[in-house]
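Trainee: From first to last, the protein sequence lines stand for chains A and B. Numbering follows the numbering used here, with no gaps: position 40 of the first sequence is 44. Numbering follows the numbering used here, with no gaps: position 79 of the second sequence is 113. The beta-carbon is built from N, C-alpha and C at its ideal position, and this holds for glycine as well. Encoded as structure tokens, here's the structure I'll be asking about.
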Amino acid sequence: MKEINEFKISSMLEEFPELKMSDKTQQKFKRTCDNMQHETKKSKLQYINVWMSAAASVIMFILGYGIADQTNNSNEIISSKEYTRQLLFNNTVQNPSLGDRLASIQYLVSSQTNTNERVKELIYMIKTESNENVKLALIEIISSYSNLIEVQDLLEEQLQNESNPLVLISVINIISELKIKKGMEILKNYQNSNNVDPLVKNHITYLKL
Amino acid sequence: MTDEQVIKKVAKGNIGLSMILFKKYNGKVFSFYRYMGLSIEDAEDLTHEVFEKVIRSCGSFNLDKLFKPWLYQIMRSQLVDFRRVNGRTKYVNISEFDFKETVDFEYDEIELSKLNMALLELPNHDRELILLVKFQQLSYAEAATIFGISEGAVKTRVHRIIHKLTDYFKKQYPNERD
């Protein structure tokens, strides 16, 4: 009797019915596959893009040396290097990956020896950047040049136009620390305005201008 | 095309082909979670996560090995994660379980429900093992790899579990002995 029961249970377990998932979940997985396929294609394109930029940079670098060998003219090397930098700069601004953008920004900032040019590039990037994290990093970098008029102008402009509260708070901190006159006036107006984000307004109150 | 050939192509970027594996195994994975006592919603979510993980980690799949045990290893690890997050609170009441979701219904519903109830009485590790060996029909060697124990130990445990289930049946339904 015992033997038969054990055998029966074993057979029943082997023939346990397979249950069916809802069609909704099956369709959800199909969508996930499509999205992942799309992501893969996109990342492959980005990969190619990065390699093409790198290849272009190397070619330009070699060309630069080639020209220098022939003409022995250091100005041409500088111009070639500058052109390579410009290529990388354009690629950085358009790069869809945040990580790549941040890495390239670090490189661009450290490789630019002319301060005015560096600030110009940073201002351009801040004005065109859409991601708050990249923008915060850029504002942190540019804050070390806040003694320059164009940087102060940019901060005032950001103070009036920036919609992201986190970026705005970062700008406010720099303005209040440096006591930039026009910026301070705008901040005082914000204290009494009803159109300012409550988070930003609280922060201004906390600063006790 | 074998499962291993499919996964190789998926790893190369042909993600659409993973639908072949999904269609072949989703019922098995989903049923495993249901028989482990998860609600339909949780079992569906976990099944979806398993196949998503298969696609994401297929690059690390060893092509010298078989796909099925690898899939069941992922299936088990997802369940472990689920338990870690949800504890036992999200398990269904055994009386809520029925067999309305079955693909082919050619069994005695009452008998199956009783066996399922008996299964739900087992400790988790025993239930997992018996489901993988009997319902999913993994070989003893494959189950041994997944559970990290010897093949002999798997055989002994399977035998002991069946014995336990038999005893449970005898105690719960004494009049049904033939």
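Is the stretch 50-60 of chain B touching the stretch 183-201 of chain A, taking contact as three or more C-beta pairs under 8 Å?
Mentor: Output reads no: the stretch 183-201 of chain A does not touch the stretch 50-60 of chain B.
Trainee: Name, please, each residue of chain B whose Cβ falls closer than 9 Å to the Cβ of residue 41 (chain A).
Mentor: Indexing the first sequence from 1 puts residue 41 (chain A) at position 37. The answer, in chain order, is 47, 48, 49, 50.
Trainee: For chain A, is any of its Cβ atoms less than 7 Å away from the one on residue 208 (chain B)?
Mentor: Within the second sequence, numbered from 1, the residue matching residue 208 (chain B) stands at position 174. No, because no Cβ of chain A sits closer than 7 Å to the Cβ of residue 208 (chain B).
Trainee: Which class does residue 23 (chain A) belong to by DSSP, given the choice of helix, strand or coil?
Mentor: The residue given as residue 23 (chain A) occupies position 19 in the first sequence. Residue state, collapsed to three classes: strand.
Trainee: If you drop the 5 nearest sequence neighbours on each side, which residues of the same chain put their C-beta closer than 6 Å to that of residue 179 (chain A)?
Mentor: Taking the first sequence and counting its residues from 1, the one referred to as residue 179 (chain A) is at position 175. Result list for residue 179 (chain A): 159, 187, in chain order.
Trainee: The stretch 78-89 of chain B: which residues have C-beta closer than 9 Å to a C-beta of chain A, in chain order?
Mentor: Listed in sequence order: 78, 79, 81, 82, 85, 86, 89.
Trainee: Counting contacts by CB-CB distance shorter than 7 Å, is residue 177 (chain B) in contact with chain A?
Mentor: Numbered from 1 along the second sequence, position 143 holds the residue referred to as residue 177 (chain B). Answer no: the Cβ-Cβ gap between residue 177 (chain B) and chain A never drops below 7 Å.
Trainee: Any beta-carbon of chain A closer than 7 Å to the one on residue 190 (chain B)?
Mentor: Working through the second sequence from its first residue, we reach residue 190 (chain B) at position 156. With 7 Å as the cut-off, residue 190 (chain B) does not count as an interface residue toward chain A.
Trainee: Whose Cβ in chain A lies nearer than 7 Å to the Cβ of residue 53 (chain B)?
Mentor: Here residue 53 (chain B) is taken as the residue at index 19 of the second sequence, counted from 1. Simply 34, 37.
Trainee: Using the beta-carbon count (16 or more within 10 Å), is residue 124 (chain A) buried or exposed?
Mentor: Mapped onto the first sequence, residue 124 (chain A) falls at position 120. Classification of residue 124 (chain A): exposed, given that the 10 Å Cβ count is below 16.
Trainee: Using a Cβ cut-off of 9 Å, pull out every chain B residue sitting near residue 17 (chain A), in sequence order please.
Mentor: Along the first sequence, one-based indexing puts residue 17 (chain A) at 13. Per Cβ cutoff of 9 Å: 149, 153, 164, 165, 167, 168, 169, 196, 199.
Trainee: Quick one: is residue 121 (chain B) buried, meaning 16 or more other Cβ sit within 10 Å of its Cβ, or exposed?
Mentor: In the second sequence, residue 121 (chain B) corresponds to position 87, counting from 1. By the neighbour-count rule (16 or more Cβ atoms within 10 Å), residue 121 (chain B) is not buried but exposed.
Trainee: Which residues, taken in chain order from the stretch 57-70 of chain B, show a beta carbon closer than 8 Å to some beta carbon of chain A?
Mentor: Cβ contacts with chain A come from 60, 61, 62, 64, 65, 68, 69.
Trainee: Would you mind working out which of B:158, B:173, B:63 sits nearest residue 259 (chain B), comparing C-alpha positions?
Mentor: The first residue shown for chain B is 35 and the last is 212, placing residue 259 (chain B) beyond what the model contains.
Trainee: Give the straight-line distance between the Cα atoms of residue 109 (chain A) and residue 139 (chain A), rounded to the nearest whole angstrom.
Mentor: Against the first sequence, residue 109 (chain A) aligns to sequence position 105. Against the first sequence, residue 139 (chain A) aligns to sequence position 135. Each residue's Cα considered, the two are about 11 Å apart.
Trainee: Compute the beta-carbon to beta-carbon distance between residue 190 (chain A) and residue 164 (chain A), rounded to the nearest angstrom, for a pair I have assumed lies under 8 Å.
Mentor: Along the first sequence, read from residue 1 onward, the residue named residue 190 (chain A) stands at position 186. Along the first sequence, read from residue 1 onward, the residue named residue 164 (chain A) stands at position 160. Yes, residue 190 (chain A) and residue 164 (chain A) are in contact; Cβ-Cβ is about 7 Å, under 8 Å.
Trainee: From which residue to which residue does the alpha helix (DSSP H) around residue 186 (chain B) run?
Mentor: Here residue 186 (chain B) corresponds to residue number 152 of the second sequence, with the count starting at 1. Per DSSP, residue 186 (chain B) belongs to the alpha helix (DSSP H) from 185-206.
Trainee: By alpha-carbon positions, which one of B:171, B:206, B:42, B:97 ends up nearest to residue 14 (chain A)?
Mentor: Counting from one through the first sequence, the residue named residue 14 (chain A) turns up at place 10. For the residues B:171, B:206, B:42, B:97, the minimum Cα distance to residue 14 (chain A) belongs to B:171.
Trainee: List, in chain order, every chain B residue whose beta-carbon is nearer than 9 Å to that of residue 180 (chain A).
Mentor: Position 176 of the first sequence, counted from the first residue, corresponds to residue 180 (chain A). Per Cβ cutoff of 9 Å: no residues; residue 180 (chain A) is ~44 Å from chain B at best.
Trainee: Since residue 61 (chain B) and residue 23 (chain A) are thought to touch, with beta carbons under 8 Å apart, how far apart are those beta carbons, to the nearest angstrom?
Mentor: Counting from one through the second sequence, the residue named residue 61 (chain B) turns up at place 27. Counting from one through the first sequence, the residue named residue 23 (chain A) turns up at place 19. With 8 Å as the limit, residue 61 (chain B) and residue 23 (chain A) qualify as a contact, their Cβ atoms being about 7 Å apart.
Trainee: Are the CB atoms of residue 145 (chain A) and residue 175 (chain A) within a distance shorter than 7 Å?
Mentor: Reading the first sequence from its first residue, position 171 is the one you call residue 175 (chain A). Reading the first sequence from its first residue, position 141 is the one you call residue 145 (chain A). No. Outside cutoff.
Trainee: Tell me the DSSP secondary structure of residue 156 (chain B) in three-state form.
Mentor: As a first step, residue 156 (chain B) must be located in the second sequence, where it is residue number 122. If DSSP states are grouped into helix, strand and coil, residue 156 (chain B) belongs with coil.
Trainee: Using a Cβ-Cβ distance under 7 Å, would residue 13 (chain A) count as near chain B?
Mentor: Taking the first sequence and counting its residues from 1, one reaches residue 13 (chain A) at position 9. Chain B contact via Cβ: present.
Trainee: Please confirm if residue 196 (chain B) has its CB atom under 7 Å from at least one CB of chain C.
Mentor: This model lacks chain C altogether; the protein chains it does include are A and B.
Trainee: Confirm, please, whether the CB-CB distance from residue 150 (chain A) to residue 182 (chain A) is below 7 Å.
Mentor: Position 178 of the first sequence, counted from the start, is the residue given in the question as residue 182 (chain A). Position 146 of the first sequence, counted from the start, is the residue given in the question as residue 150 (chain A). Yes; because the gap between Cβ atoms is below 7 Å, this pair is in contact.
Trainee: Run down chain A in chain order and give the residues with a C-beta less than 8 Å from the C-beta of residue 203 (chain B).
Mentor: Start at 1 with the first residue of the second sequence, and residue 203 (chain B) comes out as number 169. Those are 9, 13, listed as they occur along chain A.
Trainee: Mapping the DSSP letters down to three states, classify residue 72 (chain B) as helix, strand or coil.
Mentor: Taking the first residue of the second sequence as position 1, residue 72 (chain B) is located at position 38. Note: residue 72 (chain B) maps to strand in three-state DSSP.
Trainee: Kindly list the residues whose CB is nearer than 6 Å to the CB of residue 164 (chain B), restricted to its own chain and excluding five residues on each side of it in sequence; keep chain order.
Mentor: Here the question's residue 164 (chain B) lines up with position 130 in the second sequence. Closer than 6 Å at Cβ, skipping near neighbours: 195.
Trainee: Compute the Euclidean distance between the alpha carbons of residue 124 (chain B) and residue 193 (chain B), then round it to the nearest angstrom.
Mentor: The residue you call residue 124 (chain B) lines up with position 90 of the second sequence. The residue you call residue 193 (chain B) lines up with position 159 of the second sequence. Confidence at residue 124 (chain B) is low in this model, with a pLDDT of 47, below 50, so its placement is unreliable and no value can be given for it.
Trainee: Could you tell me whether the Cβ atoms of residue 207 (chain A) and residue 184 (chain A) are closer together than 7 Å?
Mentor: As a working mapping, residue 207 (chain A) is identified with position 203 in the first sequence. As a working mapping, residue 184 (chain A) is identified with position 180 in the first sequence. No. Outside cutoff.
Trainee: For residue 162 (chain A), I'd like the list of residues in its chain whose CB is within less than 8 Å of its CB, leaving aside the five on either flank, ordered along the chain.
Mentor: Indexing the first sequence from 1 puts residue 162 (chain A) at position 158. Excluding residues within five positions, the ones whose Cβ falls inside 8 Å are 130, 143, 171, 172, 175.
Trainee: According to DSSP, is residue 182 (chain B) part of a helix, a strand, or is it coil?
Mentor: Position 148 of the second sequence, counted from the first residue, corresponds to residue 182 (chain B). Note: residue 182 (chain B) maps to coil in three-state DSSP.
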